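*Asks:* Attaching a single structure in C-alpha cells format; questions to follow.
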DNA sequence: CTGAAAGCGCTTACAG
DNA sequence: CTGAAAGCGCTTACAG
C-alpha cells in the first residue's frame, strides 16, 4: 500500500472496468449484487479512500460548505461551529471557515473567498445590521425569523416572551432590559418579546450598551446599582455576556442576586452554569437549527441547474422558527422587595455551602 | 460569462495554448513578459477564477488545512480559529474544521476525516492528557513547549512566572492556584511557573477543579471564602473561566476584589475586560503562534516526498516558545490585609462611578 | 449487467 | 519562448 489505492487499482485487481467499480462504490449504476459485494470487499482490502478532488472535478461539486460569521471571535461561534460541523459531516460535507474579523464589508469578501475555494454553498450568520445579497451560490442565512431572506433561526421573540413571563411569575414588575446593538434583528426580537410579556403588567426600561459605551468609553459601568435604588428588581440581558457584566457590577455594588434582584441572560454561554449565582438563560436548539440550515442548503445545491422548483420560501420560513429553551438557574428568584443586603431569601435555590474538605 | 471561464477559454480567446496560459498565470514556466501581461489581462477580463479542484487533482495538493480542537466548544476556540484562518488564508490555504465534541478517541477520528477530505496537513490543539501519533500527514501541534512533539505554543511556564511576580509585587504572600485538569500540560506549565515565582518568598496552595467536581458535583462551590478567612489574599486561576468562577463566588460571599483579595486569570477571554472588576490576565500571541504553526506545516507539506531534510525539530522548538503578555486590570491590587468589606483600597485602579445620565 | 471512452480543469515534463 | 500531449481520479452517458 505504498500510495493510496484508487479506482483503477481495484479494477485492475479484479479484472473489471473502472466504470463498474465506480458504479459499485456509488451504488448508482446497476451492478449485479454479487459483483458489487466483491468490489466493495476488495476496495476495503486495499484501503481505498475516494479522491474528493477527482470527484469534485468531474461532478463540479466540492462537497464543502463555507461557514461565515462576521466575527469568529463571538462567544457563540463555538456553538454554531460545532453544530454546523456535525450536521454537515453527517450529510457528507466538510466545513470551511471564513472570517472577516468583525469588519463589515470584509463579510462579503470572506464569502467570496470561500466560494473561490470551491464551496458549494455558504452558511452565514450575518453581522447585526447587515443583509446578504445574491452571491451566485446557494446560501443559508441564520439570523432571526424577522429577517427578510432568513432561512432558519431560533424564535428569539418567543424566547424573550418566555423569559419575560418567568420574571413576571417570580413577581417582578420593574424590569431593565439590557441590549448591545440597536440595529440587531436578533436583539430587537428578544427585546420585543420581553416587552410584550410585560405589556400592561409591569414596567420596562431599555439600555443599549453600545450607545452608552460610545458616550462613556468601552467597559464603562452601566449604572445598574442606581437603578436598583430606584426600584428596579430585575435585569434581562439579551446575551449572557451582558448578564455577566450586570451580575458582576451589581455584586461589586453589594447587591445580592437573586436576593435583591434577579438577572437573566440569553444563549447559555460557557460560563452560565459556572458562575455564582449560576445564570438563568434561554438556549437555542443549535443542532436543530444547524440541521435545517444544512438540509436547506444541500437541497438548493442539488436542485441547482435543475428545472425543479424550490420550495416556497415562505413555507420554509414558517416552519423554521425554532423554539428556545428556558434554563432556570440561581440568578433569578422571587421578588422580595429589598431585603437587608446579604440576607438569603427563602426562595433561594442555591447549593449548600462548601465544607472544608472540598478544598 | 455564462459559466466560469477556464484556462482553455483564455487560450482560445488569445490563440495560444493552455500550457502557456497556465505558465503565465502561475509565473512558473518562462513566458515572455509581453505575452504574460496580455494573458493576465484577458484572464481578468473574463473573470477567470482558477479551479481548485483541477489544480488539486493534478498537483495532489488541496491547499486546504484541517484544524482540530478536541472540543470546539472551548472558549479559546474562537481566538484559535480566527488566528489560524488568518494565517492560512495569507498563505493561500483554506481551513476545514474538525470536532470531536470533547470525546477523546473521536479526536483521532476527526483528524482522519479531515485527511480523507483531502487536507494537506493538520493543525491540532490536543485535548489535555492526549498525544498525537503519526497520522501519515504533516501535523502541527499547538499545546505547550513541554509537550513532546509540540510545534509551537505560548510560553505558559513563563506566563505563570510573570503572573506570580505581579502578585508578589503587589505584596501578596499567600496564594491559591486554581486549575482544572491535573493532566493538562498547559495547566501544569502555568502552575509550575506561578509556583516557581513564589518559591522561597510566599506560600501557595493548589486546587484542581475537576477533582473537586468529581467528588461534589459539577458547578459545586470551591470554598474560596473559607480560604480567605484562613489568610489567603490572592487567587491565580489558570484560565479566565475559573477566575470568573472565583470572582463571582467571592463577590457573592461579600468579599471585595481587589479590596480584600486579588484574582487573576489566563487567556484574556471575551469577558475579561467586561466584568466588574475587570480581570488581570495573561494573553497568548495567537497571531504569532498561528503564523509559525502554518509556516511549519506548509514547509512540511512542500518538502513532502522531497529528499530535503526537515529542520531539526529541537531547533524549531527552541524558537517556538512564544512569550505571553501580562494585562493588568482591576481584579488585582495591592495587598492590604483584610480591610472592612466594601472599602476601596487606595491603590485601586477602577473607573469612576457611573453617573445617572449613563443610564 | 458491464465496459470503452470522453471529459471535468489544471500542471508538468518534454519537444520544438 | 511556446505548444502538444499525457495524466491526476473520478463520473457519466452511451454502447454492447
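Protein chains in written order, with UniProt numbering: chain A, 1 to 359; chain B, 1 to 359.
The beta carbon of each residue, even a glycine, is placed where N, CA and C say it ideally should be.
Keep in mind it's a predicted model, so treat the numbers as computed, not measured.
1. Could you round the C-beta distance between residue 262/A and residue 281/A to whole angstroms and report it? I think they count as a contact, below 8 Å.
2. Chain B partners of residue 186/A, CB-CB under 8 Å?
3. Assuming the contact rule is C-beta atoms closer than 8 Å, residue 124/B and residue 96/B should be a hit. Round their C-beta distance to whole Å, please.
4. Can you list the residues of chain A that residue 96/B reaches, using a CB-CB cut of under 7 Å?
5. Quick check: the Cα distance between residue 20/B and residue 299/B, rounded to an integer number of angstroms?
6. Taking residue 75/B as the reference, which of 270/A, 151/A and 135/A has the closest Cα?
7. Give the straight-line distance between the Cα atoms of residue 133/B and residue 58/A, rounded to the nearest whole angstrom.
8. Starting from the beta carbon of residue 238/B, find every residue of chain A whose beta carbon is closer than 8 Å, and list them in chain order.
9. Taking just the CA atoms, how far does residue 321/B sit from residue 4/B?
10. Below 7 Å CB to CB, which residues in the same chain sit around residue 8/A once its five sequence neighbours on both sides are set aside?
11. In chain A, what lies closer than 7 Å to residue 249/B by C-beta?
12. What's the call for residue 15/B, buried or exposed, on a 16-neighbour Cβ count within 10 Å?
13. Counting C-beta neighbours from all protein chains within 10 Å, is the total for residue 203/B 16 or more, i.e. buried, or is it exposed?
14. Quick test of the definition: if touching needs 3 or more C-beta pairs under 8 Å, does the region 187 to 197 of chain B touch the region 145 to 160 of chain B?
15. Spell out whether any CB of chain A is found under 8 Å from the CB atom of residue 7/B.
16. Note down, in chain order, all residues in the UniProt domain "HTH lacI-type" (5 to 59) of chain A with a beta-carbon under 7 Å from any beta-carbon belonging to chain B.
17. Ordered along the chain, which non-local residues of its own chain (more than five positions away) have a Cβ less than 7 Å from that of residue 10/A?
18. Pick helix, strand or coil for residue 28/A, following the three-state DSSP scheme.
19. Assuming residue 118/B and residue 117/A form a contact by the criterion Cβ under 8 Å, report the distance between their Cβ atoms to the nearest whole angstrom.
20. Pull up the distance between the alpha-carbon of residue 185/B and that of residue 291/B, whole angstroms please.
21. Per DSSP, residue 99/A is paired with what?
22. Grouping DSSP H, G and I as helix and E and B as strand, with all else coil, what is residue 299/A?
23. With DSSP collapsed to three states, give me the class of residue 328/A.
24. Going by beta carbon distance, what residues of the same chain come within less than 6 Å of residue 272/B, once the five residues before and after it are set aside?
25. Do residue 245/A and residue 274/B have their CB atoms nearer than 8 Å?
26. Quick check on the DSSP output: the alpha helix (DSSP H) that includes residue 59/B runs from which residue to which?
27. Spatial neighbours of residue 56/A within its chain, please: C-beta separation below 8 Å, excluding the five flanking residues on both sides.
28. Please report the distance separating the alpha-carbon of residue 33/A from that of residue 142/B.
29. Let me know the secondary structure DSSP gives residue 228/B once reduced to three states.
30. In chain order, what residues of the same chain have a beta carbon less than 6 Å from the beta carbon of residue 206/B, not counting five sequence neighbours either side?
31. Below 9 Å between beta carbons is the criterion; list the residues of the region 197 to 219 of chain A that meet it against any residue of chain B, in chain order.
32. Distance check for residue 218/B and residue 128/B, CA to CA, integer angstroms please.
33. Can you find a C-beta in chain A that's less than 8 Å from the C-beta of residue 133/B?
34. Less than 8 Å separating the beta-carbons of residue 164/B and residue 194/B?
35. Measure the alpha-carbon distance for residue 98/B versus residue 68/A and round it to whole angstroms.
36. Please classify residue 199/B: does DSSP put it in a helix, a strand, or coil?
*Replies:* The short version:
1. Numbered from 1 along the first chain, position 262 holds the residue referred to as residue 262/A. Numbered from 1 along the first chain, position 281 holds the residue referred to as residue 281/A. That pair is no contact at about 12 Å.
2. Here residue 186/A refers to the residue found at position 186 of the first chain. Under the 8 Å cutoff, chain B gives no residues; its nearest Cβ is about 17 Å from residue 186/A.
3. Residue mapping note: residue 124/B aligns to position 124 of the second chain, counting from 1. Residue mapping note: residue 96/B aligns to position 96 of the second chain, counting from 1. Contact doesn't hold; Cβ gap of about 13 Å is too wide.
4. Start at 1 with the first residue of the second chain, and residue 96/B comes out as number 96. Simply 94, 95 and 96.
5. Residue 20/B sits at position 20 when you count from the first residue of the second chain. Residue 299/B sits at position 299 when you count from the first residue of the second chain. The alpha-carbon of residue 20/B is positioned some 28 Å away from that of residue 299/B.
6. In the second chain, counting from the first residue as 1, residue 75/B sits at position 75. Its Cα nearest to that of residue 75/B, the residue 270/A stands out among 270/A, 151/A and 135/A.
7. Numbered from 1 along the second chain, position 133 holds the residue referred to as residue 133/B. Numbered from 1 along the first chain, position 58 holds the residue referred to as residue 58/A. Within the model, the alpha-carbon separation for residue 133/B versus residue 58/A is close to 34 Å.
8. Counted from its first residue, the second chain places residue 238/B at position 238. Under the 8 Å cutoff, chain A gives no residues; its nearest Cβ is about 15 Å from residue 238/B.
9. Taking the first residue of the second chain as 1, we reach residue 4/B at position 4. Taking the first residue of the second chain as 1, we reach residue 321/B at position 321. Distance between the alpha carbons of residue 4/B and residue 321/B: 46 Å.
10. If you number the first chain from 1, residue 8/A lands on position 8. Scanning its chain for C-beta atoms nearer than 7 Å, with the 5 sequence neighbours on each side dropped, one finds around residue 8/A the residues 18, in chain order.
11. Along the second chain, read from residue 1 onward, the residue named residue 249/B stands at position 249. Simply 276.
12. Counting from 1 along the second chain, the entry for residue 15/B is found at position 15. Its Cβ having fewer than 16 others within 10 Å, residue 15/B is exposed.
13. By 1-based counting over the second chain, the position of residue 203/B is 203. Exposure of residue 203/B is indicated by the presence of fewer than 16 other C-beta atoms within 10 angstroms of its C-beta.
14. The region 187 to 197 of chain B, when compared against the region 145 to 160 of chain B, does touch it at the 8 Å Cβ threshold.
15. Your numbering for residue 7/B matches position 7 in the second chain. Chain A contact via Cβ: absent.
16. Listed by position, the residues of the UniProt domain "HTH lacI-type" (5 to 59) of chain A near chain B (Cβ gap below 7 Å) are 49, 52, 53, 54, 56 and 57.
17. By one-based count along the first chain, residue 10/A stands at place 10. Excluding sequence positions up to five before and after residue 10/A, its CB lies within less than 7 Å of the CB of 21, 39, 42, 43, 46 and 48, all in the same chain and listed in chain order.
18. Your numbering for residue 28/A matches position 28 in the first chain. The answer is coil: DSSP assigns residue 28/A none of H, G, I, E or B.
19. Working through the second chain from its first residue, we reach residue 118/B at position 118. Working through the first chain from its first residue, we reach residue 117/A at position 117. A Cβ-Cβ distance of about 12 Å is found for the pair residue 118/B and residue 117/A, leaving them out of contact under the 8 Å criterion.
20. Position 185 of the second chain, counting from 1, holds the residue named residue 185/B. Position 291 of the second chain, counting from 1, holds the residue named residue 291/B. The alpha-carbon of residue 185/B is positioned some 22 Å away from that of residue 291/B.
21. The count along the first chain starts at 1 and reaches residue 99/A at position 99. The beta-bridge partner set that DSSP reports for residue 99/A consists of 69/A.
22. By one-based count along the first chain, residue 299/A stands at place 299. Note: residue 299/A maps to helix in three-state DSSP.
23. The sequence position of residue 328/A within the first chain is 328, counting from 1. Coil, per DSSP.
24. The residue labelled residue 272/B in the question sits at position 272 within the second chain. Setting aside the 5 residues that flank it on each side, residue 272/B is surrounded in the same chain by 240, 279 and 281, each with a C-beta closer than 6 Å to its C-beta; the list follows chain order.
25. Position 245 of the first chain holds residue 245/A. Position 274 of the second chain holds residue 274/B. For residue 245/A and residue 274/B, yes; Cβs fall inside 8 Å.
26. On the second chain, residue 59/B is found 59 positions in, with the first residue counted as 1. Run containing residue 59/B: 52 to 59, per the alpha helix (DSSP H) assignment.
27. Here residue 56/A corresponds to residue number 56 of the first chain, with the count starting at 1. Excluding sequence positions up to five before and after residue 56/A, its CB lies within less than 8 Å of the CB of 62, 63 and 118, all in the same chain and listed in chain order.
28. By one-based count along the first chain, residue 33/A stands at place 33. By one-based count along the second chain, residue 142/B stands at place 142. The alpha-carbon atoms of residue 33/A and residue 142/B are separated by roughly 48 Å.
29. Stepping through the second chain from its first residue, residue 228/B is reached at position 228. In this structure, DSSP gives residue 228/B a helical state, which the three-state scheme calls helix.
30. Sequence index remark: in the second chain, residue 206/B carries index 206 (1-based). If we look at residue 206/B and ignore the five residues flanking it on each side, its Cβ neighbours are 177.
31. Residues passing the 9 Å Cβ filter: 205, 207, 212, 215, 216, 217, 218 and 219.
32. Start at 1 with the first residue of the second chain, and residue 128/B comes out as number 128. Start at 1 with the first residue of the second chain, and residue 218/B comes out as number 218. Residue 128/B and residue 218/B: Cα-Cα distance of roughly 19 Å.
33. As a first step, residue 133/B is located in the second chain; it is residue number 133 there, counting from the start. With a threshold of 8 Å between beta carbons, residue 133/B makes no contact with chain A.
34. Translated into the one-based positions of the second chain, residue 164/B becomes position 164. Translated into the one-based positions of the second chain, residue 194/B becomes position 194. Yes.
35. Within the second chain, residue 98/B is the residue found at index 98, counting from 1. Within the first chain, residue 68/A is the residue found at index 68, counting from 1. Between residue 98/B and residue 68/A, the C-alpha separation is close to 16 Å.
36. The sequence position of residue 199/B within the second chain is 199, counting from 1. Coil, per DSSP.
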